[in-house]
Structures are given as C-alpha cells and as structure tokens.
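A.B. asks:
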Amino acid sequence: MTAKAFLLKDKVALVAGDSQLWTKPVASALAGAGADIAIAAKSSPILAEAVEAVHKTGRKALALPLDVAKAAQVQKAVGQVIAEYGRLDILVNSGDIHFFKPFMKIKNAEWGKVMDTNFKSALNFCRAAARPMLKQKNGRIINIVSGLAERGLVNGSAYCVSMGGVLQLTRALALEWARKGITVNAIGTGWFTDPDKAMDETLARYIPVKRYGRPEEIGSLTVYLASEVTGFTTGQFMFVDGGLMAHA
Amino acid sequence: MNGGKGTLEGQVIIITGGGTGLGRSMAFRLAEEGADIVVAARRVPPLEETAAGVRQRGRKALAVSTDVTDTTQVNGLIEKTLAAMGHIDVLINNAGIVRGERPKALWEISDEDWRTGIDVNLSSAFYCSRAISKYFADRKRGKIILVASGEGFRGQRNSFMYNTAKAGVVNLTRVMALTLAEYNVRVNCIVPGFVDTYENQPEDYQKIMAERRAARKLFVPVGNPGKPDDIGYVALFLCSDASDYVTGGCFISDGGGLAGGFAITGYAPVVSLKEGRV
Ligand SMILES: NC(=O)c1ccc[n+]([C@@H]2O[C@H](COP(=O)([O-])OP(=O)(O)OC[C@H]3O[C@@H](n4cnc5c(N)ncnc54)[C@H](OP(=O)(O)O)[C@@H]3O)[C@@H](O)[C@H]2O)c1
Numbered sequence: 001m002t003a004k005a006f007l008l009k010d011k012v013a014l015v016a017g018d019s020q021l022w023t024k025p026v027a028s029a030l031a032g033a034g035a036d037i038a039i040a041a042k043s044s045p046i047l048a049e050a051v052e053a054v055h056k057t058g059r060k061a062l063a064l065p066l067d068v069a070k071a072a073q074v075q076k077a078v079g080q081v082i083a084e085y086g087r088l089d090i091l092v093n094s095g096d097i098h099f100f101k102p103f104m105k106i107k108n109a110e111w112g113k114v115m116d117t118n119f120k121s122a123l124n125f126c127r128a129a130a131r132p133m134l135k136q137k138n139g140r141i142i143n144i145v146s147g148l149a150e151r152g153l154v155n156g157s158a159y160c161v162s163m164g165g166v167l168q169l170t171r172a173l174a175l176e177w178a179r180k181g182i183t184v185n186a187i188g189t190g191w192f193t194d195p196d197k198a199m200d201e202t203l204a205r206y207i208p209v210k211r212y213g214r215p216e217e218i219g220s221l222t223v224y225l226a227s228e229v230t231g232f233t234t235g236q237f238m239f240v241d242g243g244l245m246a247h248a
Numbered sequence: 001m002n003g004g005k006g007t008l009e010g011q012v013i014i015i016t017g018g019g020t021g022l023g024r025s026m027a028f029r030l031a032e033e034g035a036d037i038v039v040a041a042r043r044v045p046p047l048e049e050t051a052a053g054v055r056q057r058g059r060k061a062l063a064v065s066t067d068v069t070d071t072t073q074v075n076g077l078i079e080k081t082l083a084a085m086g087h088i089d090v091l092i093n094n095a096g097i098v099r100g101e102r103p104k105a106l107w108e109i110s111d112e113d114w115r116t117g118i119d120v121n122l123s124s125a126f127y128c129s130r131a132i133s134k135y136f137a138d139r140k141r142g143k144i145i146l147v148a149s150g151e152g153f154r155g156q157r158n159s160f161m162y163n164t165a166k167a168g169v170v171n172l173t174r175v176m177a178l179t180l181a182e183y184n185v186r187v188n189c190i191v192p193g194f195v196d197t198y199e200n201q202p203e204d205y206q207k208i209m210a211e212r213r214a215a216r217k218l219f220v221p222v223g224n225p226g227k228p229d230d231i232g233y234v235a236l237f238l239c240s241d242a243s244d245y246v247t248g249g250c251f252i253s254d255g256g257g258l259a260g261g262f263a264i265t266g267y268a269p270v271v272s273l274k275e276g277r278v
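Chains A and B are the protein sequences, given in the same order. Yeah, the first sequence ends on 248 if you go by our numbering, and it's all consecutive. Yeah, the second sequence ends on 278 if you go by our numbering, and it's all consecutive.
Encoded structure:
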C-alpha cells in the first residue's frame, strides 16, 4: 500500500532501458501508485509482461520497442508518449546489463554494448525527456544504478564505469536543472534475486540483512522519489541494498 | 483527514525534539498515515501543541518532558511510552541544537562547549537507541531513524561540535544498522539540508541571522530553503514498510547542496573569509 502523500495520480511515467530485473516491478509499482505508464526498451517478452502488469493495476500502458542506444529512436518514443498522454512527468532509467570479465579480455564490442545499455540509454532518455519536462517546469528523473556506481569490483571494470557514468550524470543534471523544477536522483541497488540465476548463499550471508532483495523492493523507493513531496531532494544517491553500503 | 486506514495504522512512533520544526512536521505527517505519536523534549508547551495536533488528526499522542542527554530520563521515556501505548515500532532521534554554536575561535572553545555540543547532537542519539535496542531485538522488529545534517558530510569554518557530531551520527547509523540487521531492526539516517526553522531559535540568534537568512537561500541549488515537510515525508518513507530492505542508508534532502561543492555553484554568493559561519 502506498502512503497517500506518495500517490502519483494523473502522472505519466516513462520506464526506459533494457533490464531483466527492473522493468516490470518498476512499471507495476508506479502504476500501482496511480500513474499511467510508457515502457521503452528493446523488443523482448519483458515488454509484454510489463504492459500486462500495468494493466492489472487498471492504469494505461504503452509499449515502445526501440534501440535504446539510438538517440533518434529515443526522441521519437518520447514524442509518442506526449502524443498519447499529453505529458511526461517521470522518467525512470533502468537499463542494466550485467557484465563481468577481466579487464584485459574485454573486447571493444563488449565495452560498447555495456556502455550502450547502461549509460548511453540513460543519456539519450534524459536528453529527450527533459524537453517536455523543462517546458512543464516540473519533472522527476530517477536513475536506477548499481551500488557499483560507487564501489569497485574485480572483473567489473566495464560495469562499474557504465554505472558510475549514470551516477555522475545524475549529480550534474540535478544541479543544472535545480531551478527548473526537475529533480534528478539515483537509486543504488544491492544484490537482488534473479529468476534466471542460481543464488550464491555465501553472498546472501554477506548482506547485513542476510537475504537478497526482491525486485519489487525497488518499486517503493521509485514511487517515493517520483512523488510531489520530494521536490527538495535532488542529486542524491540512495540505496536499496539490505545494508551492503554500510559495510567495511 | 481524521481516522481512516493509513500505512502506519497501529504503529507507535517516538520522536525526540518533536515539539518544534522538523520533529513536529514528522509527527503530523506520520499521524496522517495512522501512527500514534510520542514526542519528547525539554520544554513541555511545544510538545503539548504537537500532541494536540496529532489528536486533531484522530491519533493518540503522548508528550514526555525529557532531556535526551540524561540517560535516566531517556530510559524513563521508553518505560513511560510502553506503559501508556503498549508497544513501540519506531524511534526517531531528531533532537539536536541546530544553530546553537556561536562562531568562536578554536582556542576559545571550552571543555564544556565541546561536551555539550557532542552530547546533544551525537550522544543523545546513542542513548535513546541503546535504551530501545534490547526491546527491538527481543521483538525482532523495529526501526531507528537518526537525523544528521549536510554539515556531517562537509566541513564548515568554526563549526566544531555540530559538524563533528553529525558526521558521527552518520557512522553511528551504519554501525547500528549492521549490528541490528540480524534482529530485523532497520536503522537509517535522514540528512536535511538547510530547512528554515529559524523561528524556533533563540531571539539573539535570530537577530544575528536576520540579514544572512535572505542570502542563505541563494546557496541552495533549488533556490529556496526546505520546508519542514520536506523532511517530514522522508521520515514517512523510512517509517513505512516501503523501506523494509533499506538499512544503513542516508536519505539526503537538501535541495541539491551535496551534489555539488567542487566549485562555486553559480548559485552561491561568495562570502568573505571574515564572516565565518554563514
Ligand atoms: N533546520 C535545518 O536546517 C536542519 C538542517 C540539518 C539538520 N537539522 C537537524 O534536524 C533536527 C531538528 O532540527 P530543527 O530544525 O527542527 O530545530 P528545532 O526546531 O530547534 O528542533 C530541535 C528540537 O530538539 C529539542 N532538543 C534540543 N536539545 C534537547 C535536549 N537536550 N533534550 C531533548 N530535546 C532537545 C528541542 O526542544 P527543547 O529545547 O524543548 O528540548 C527542539 O524541539 C536537529 O537534529 C537538527 O540538527 C536541521
């Protein structure tokens, strides 16, 4: 249940980026709080699943299959959101491809793919979505990144760099748009259950609360940051990580 | 907005420093979501005003005069709350002396100045959290919220006790979060930026600050100081089950201040070195 103050009645949210984990729970949480939703990502079963999850809440859903790395396609998708809903209040960048390999073995194409999915996607969507938001003088941009935007990890160079880029984009844009009614914040994720992967028990024990996060647990912080009452919060990085970032 | 189901229905929440400013906003925003509220500070009249506001919103309220730097009184606060309300779900350590320090040269700060500053702004949160920790651990649930400050993340000329204590609050949050995680107790920290609560400050202080108050907001990237509700709603998020997987975290609401700080922001007027603390 969402607290009254955080409800997103009459808001339009765009959930953008290719992600196995976040697209569906984030779209369904925002819709559950009352927003109409557009979902822009590469064509995949996830798109249809997310649309279905939104419909279950009774809100409208618009699927926009595209290549997130192509600025022109992203621009066009935002245009479709405006054409369909007449406005855009909330952008959630949730692009997240996992990639871990020794630095010296990473191929150029692999770097490119990680940067496209995790960083360039956010860049393209921020650019495109800011136009209507700046016109409205109101907007919420929420970038879902990993705690690895701030910490390092062996074999994580490409991933850490791509996520770190989004975090710094968050801080810089927050200041640039501070007096234009747009807040820009980042959510840092810890380790989450992934239906496609075997979960490592040792890692679960490393997490202070001794369990992996459930993807839907990202949804409630997204809703909070998307709500009207967080206008004084901008340029910040907050974590849903079961206490990981408090560790030594 | 009387009664009605809220997300905090049936919860009992203690707010130290709940008579004024941010604490009062927290009390009202939490009561509107169904929580019963206990406010604790030294002066009774402001506490009673907050309590009346909570009751107007259809919830139970209790005002307990408490000096949070006195461990006997702190323990008494927990006992009195349990006796009156039956249980406790959240403790919010909000009491502090936000603008108590007058600019003073380092060599003029007395032992007593130092101890008082650290006691009120840091030790008090430790005392209250310690007093409730066993109860929360036994119950295998609970939330503790601390209130630091943007100043706990950065330095500031001539602000020794406050900045040091608030930095301590941040790390106390992390240590308690790690320690209490296995008991299903969540510990997080609210970090307000500049929120205008000047009317609650001593009169002589208001006079000193009257001019600077106008200039001060220019420092805030979003162009205005925060309102107490900007922080009240952070407390609401952290009290609710929306944040159940969140612990050891800092929730900064500061109009963008901490996102910058590498160069003159373009928003901030440059203050002369002589002026000291602004
Ligand atoms: N306003 C801001 O810009 C800002 C920014 C960053 C952080 N903060 C933090 O936010 C919290 C609330 O500040 P505020 O702005 O709301 O200021 P405020 O209105 O002065 O509230 C502080 C409260 O703390 C209580 N208090 C002080 N010493 C106490 C003691 N020894 N025992 C019990 N209670 C005590 C005071 O009540 P009594 O005097 O009656 O005891 C007062 O109600 C503080 O921790 C402050 O450091 C505020």
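The C-beta atom is built at its ideal place from N, Cα and C for all residues, glycine as well. All of these numbers come straight from a predicted model, not from anything done at the bench.
1. Under the criterion of a Cβ to heavy atom distance below 7 Å, does GLY58 (chain A) qualify as lining ligand 1?
2. Interface residues of chain B around LEU210 (chain A) at Cβ under 8 Å?
3. Sorry if obvious, but does the Cβ on GLY19 (chain B) come closer than 7 Å to a heavy atom of ligand 1?
4. Is there a C-beta anywhere in chain B that falls below 8 Å from the one on TYR224 (chain A)?
5. Along the chain, where does the alpha helix (DSSP H) that runs through GLY30 (chain A) open and close?
6. For GLY3 (chain B), count neighbouring C-beta atoms within 10 Å of its own C-beta (all shown protein chains included) and say buried if the count is 16 or more, exposed if not.
7. Beta carbon of LEU77 (chain B): closer than 7 Å to some heavy atom of ligand 1?
8. Does the Cβ of ARG102 (chain B) have 16 or more other Cβ atoms within 10 Å, making it buried, or fewer, making it exposed?
9. Along the beta strand (DSSP E) that carries VAL159 (chain B), what are the first and last residues, could you check?
10. Verify the contact flag: ASN200 (chain B), CB atom, against every heavy atom of ligand 1, threshold strictly below 7 Å.
11. Determine the direct distance from the alpha carbon of GLY139 (chain A) to that of MET133 (chain A), and round the result to whole angstroms.
12. Measuring only from the beta carbon, is ASN224 (chain B) closer than 7 Å to any heavy atom that is part of ligand 1?
13. Do ILE145 (chain B) and ILE190 (chain B) count as a contact pair if the criterion is CB distance below 8 Å?
14. Name the DSSP beta bridge partners of ILE13 (chain B), please?
15. Does GLY242 (chain A) get closer than 8 Å to chain B when you measure Cβ to Cβ?
16. In this structure, does DSSP put LYS76 (chain A) in helix, strand or coil?
17. When you compare the CB positions of ALA3 (chain A) and ALA27 (chain A), do they come within less than 8 Å of one another, or not?
18. Mind checking the stretch 21-34 of chain B against chain A and listing, in chain order, the residues whose C-beta falls within less than 8 Å of any C-beta there?
19. Does chain A have any CB closer than 8 Å to the CB of PRO221 (chain B)?
20. Only counting runs of 4 or more residues, tell me where the alpha helix (DSSP H) segments fall wholly within the stretch 106-189 of chain A, in order along the chain.
21. At 4 residues or longer, what runs of the alpha helix (DSSP H) sit wholly inside the stretch 146-202 of chain B?
22. Could you tell me the boundaries of the beta strand (DSSP E) in which PHE237 (chain B) lies?
C.D. replies: Well, looking at it:
1. No, ligand 1 has no heavy atom inside 7 Å of this Cβ.
2. Correcting the residue type first, residue 210 (chain A) is Lys in the shown sequence and not Leu. From the beta-carbon of LYS210 (chain A), the residues of chain B found nearer than 8 Å are ALA181 and GLU182.
3. Ligand 1 has a heavy atom closer than 7 Å to the beta-carbon of GLY19 (chain B).
4. Closer than 8 Å to some Cβ of chain B, the Cβ of TYR224 (chain A) qualifies, so yes.
5. A small correction: the amino acid at residue 30 (chain A) is Leu; Gly does not occupy that position in the sequence shown. Element bounds for LEU30 (chain A): 23-32.
6. In this prediction, GLY3 (chain B) scores a pLDDT of 43, lower than 50, which makes its location untrustworthy; the coordinate-derived value is nonetheless stated afterwards. It counts as exposed.
7. Within the chosen limit of 7 Å, ligand 1 does not reach the beta carbon of LEU77 (chain B) with any heavy atom.
8. Taking all protein chains shown into account, ARG102 (chain B) has fewer than 16 neighbouring C-beta atoms within 10 Å of its C-beta and is therefore exposed.
9. Per the sequence shown, the amino acid found at residue 159 (chain B) is Ser instead of Val. Note, SER159 (chain B): premise wrong, no beta strand (DSSP E); not H, not E.
10. Taking 7 Å as the cut-off, the C-beta of ASN200 (chain B) counts as close to a heavy atom of ligand 1.
11. Rounded to whole angstroms, the gap between the alpha carbons of MET133 (chain A) and GLY139 (chain A) is 5 Å.
12. Flag unset: Cβ of ASN224 (chain B) not near ligand 1.
13. Result yes, Cβ atoms of ILE190 (chain B) and ILE145 (chain B) sit closer than 8 Å.
14. Per DSSP, B:ILE37 and B:VAL90.
15. Judged by the 8 Å Cβ criterion, GLY242 (chain A) is in contact with chain B.
16. Of the three classes helix, strand and coil, the one that applies to LYS76 (chain A) here is helix, per DSSP.
17. Cβ distance not < 8 Å, so ALA3 (chain A) and ALA27 (chain A) don't count as in contact.
18. Within the stretch 21-34 of chain B, the residues whose Cβ lies closer than 8 Å to any Cβ of chain A are, in chain order, ARG29, GLU32 and GLU33.
19. Under the 8 Å criterion on CB atoms, PRO221 (chain B) is classed as interfacial with respect to chain A.
20. Those alpha helix (DSSP H) runs which fall completely within the stretch 106-189 of chain A and span 4+ residues are 108-114, 121-136 and 157-176.
21. Qualifying alpha helix (DSSP H) stretches, in chain order: 160-180.
22. If you look at PHE237 (chain B), you'll find it isn't in any beta strand (DSSP E); it sits in the alpha helix (DSSP H) that goes 228-239.
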